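Read through the structure below, which is laid out as structure tokens, and then see the notes.
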Amino acid sequence: MATPTNDRNAQLRQLADYLVYRQETIINQWWARCSQNEDIQACSSISKEDFTDQFPLLLSMFTQSVTGESYESGHLKIASQYWVKRWQYSYPLANVLTKLDYFYDSLDLEIQQFVEHYPQTEPGVSIQFYKQLFRLSKAVNNDITIQFDQLQQATSNEQIQKLQTEINSLHQSTRQRVGLLQHTVHDLRSQFGIISTATTLLQGPLADDERAKFRDMVTRTSKTANLLFSKLLADGEEE
Numbered sequence: 006m007a008t009p010t011n012d013r014n015a016q017l018r019q020l021a022d023y024l025v026y027r028q029e030t031i032i033n034q035w036w037a038r039c040s041q042n043e044d045i046q047a048c049s050s051i052s053k054e055d056f057t058d059q060f061p062l063l064l065s066m067f068t069q070s071v072t073g074e075s076y077e078s079g080h081l082k083i084a085s086q087y088w089v090k091r092w093q094y095s096y097p098l099a100n101v102l103t104k105l106d107y108f109y110d111s112l113d114l115e116i117q118q119f120v121e122h123y124p125q126t127e128p129g130v131s132i133q134f135y136k137q138l139f140r141l142s143k144a145v146n147n148d149i150t151i152q153f154d155q156l157q158q159a160t161s162n163e164q165i166q167k168l169q170t171e172i173n174s175l176h177q178s179t180r181q182r183v184g185l186l187q188h189t190v191h192d193l194r195s196q197f198g199i200i201s202t203a204t205t206l207l208q209g210p211l212a213d214d215e216r217a218k219f220r221d222m223v224t225r226t227s228k229t230a231n232l233l234f235s236k237l238l239a240d241g242e243e244e
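Taken in order, the sequence shown gives residues 6 to 244; the numbers are from the working numbering.
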């Protein structure tokens, strides 16, 4: 790939292209991660090809949303139906959700590797990708929930109660992730605002002591912003 430019939109596109370019690697990493989970393998009888069949569609939806394009609503339903069918075939819902989490983790790992390889990438680019990753996970989970609701008439009350508990837990986890991201993004924006103001003032006429004060402000605020950005990546890795 070409070296990222300083233009934010170009960097968004380059990271999106990078993920598409790494699609086969991400699929292999995802498959390997699931293969190491004994609970998943104990009830899995599908091939790698069938297992990863919906990955290109999910990745396409993700990269389109990041670059400002809209994906067809039907694509979301198709992607969700795949996971609902796994559950209909007596595949435990917990394992279905674990597989989805591994998918999001695989994308998260590739985003972090891109940032490490291209350190000049603006923090806002990574933030945009994480925001869209959380939105995609929420959209898929919500659509799965809707389809599960439509199947309630065909399930026992005990199954419905168990399913609802798992869905509530899923929504709570999603809200926590989004809340953490929003809080960190707010803090980063505040730090960038301070840096921008101080940098603008440094371009004008200042006394030596004032210039030193603003330079110190930029240095200290940049360190704080770097710490916040590192925390954002670390929190994403933990998830």
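Don't be surprised by glycine CBs; every beta carbon is placed ideally from N, CA and C.
Keep in mind it's a predicted model, so treat the numbers as computed, not measured.
Taking C-beta to C-beta, are residue i and residue j nearer than 8 angstroms?
i: F234; j: L186; result: no
i: A99; j: E43; result: no
i: V145; j: L105; result: yes
i: L156; j: L102; result: no
i: Y107; j: C39; result: yes
So the alpha helix (DSSP H) residue i belongs to, where does it begin and stop?
i: A37; result: Q28 to S40
i: D106; result: L98 to H122
i: L141; result: P128 to Q155
i: S70; result: F60 to V71
Between residue i and the rest of its own chain, which residues show a CB-CB distance below 8 angstroms, the 5 nearest in sequence each way excluded?
i: M5; result: Nothing in the structure corresponds to residue 5, since the chain is present only between 6 and 244.
i: I31; result: L24, F60, L64, S111, L112 and E115
i: R216; result: L207
i: M6; result: Low confidence applies here, because M6 scores a pLDDT of 47, under 50, leaving its location unreliable; read the following figure in that light. Cβ neighbours of M6 beyond the five flanking positions: Q19, D22, Y23 and Y26.
i: T179; result: F139, S142, K143 and N146
i: S201; result: none
i: Q177; result: none
Among the residues of its own chain, which have a CB less than 6 angstroms from the CB of residue i, if the five just before and after it don't count?
i: S70; result: Q137
i: N231; result: none
i: M222; result: A203
i: V183; result: F139
Among the residues of its own chain, which have a CB less than 7 angstroms from the CB of residue i, if the five just before and after it don't count?
i: G129; result: R13
i: T68; result: A21, L24 and V25
i: T72; result: L17, R18 and A21
So, under 8 angstroms CB-CB, residue i and residue j are touching, yes? Tell me the CB distance rounded to an integer number of Å.
i: Q16; j: T126; result: 6 angstroms
i: Q181; j: Q86; result: About 27 angstroms separates the two Cβ atoms, so there is no contact after all.
Is the shortest distance between the beta-carbon of residue i and the beta-carbons of chain D less than 8 angstroms?
i: A217; result: You won't find chain D in this structure, because it holds only one protein chain.
Task: Cβ contact check for the region 195-208 and the region 221-228: 3 or more pairs under 8 angstroms - done: yes
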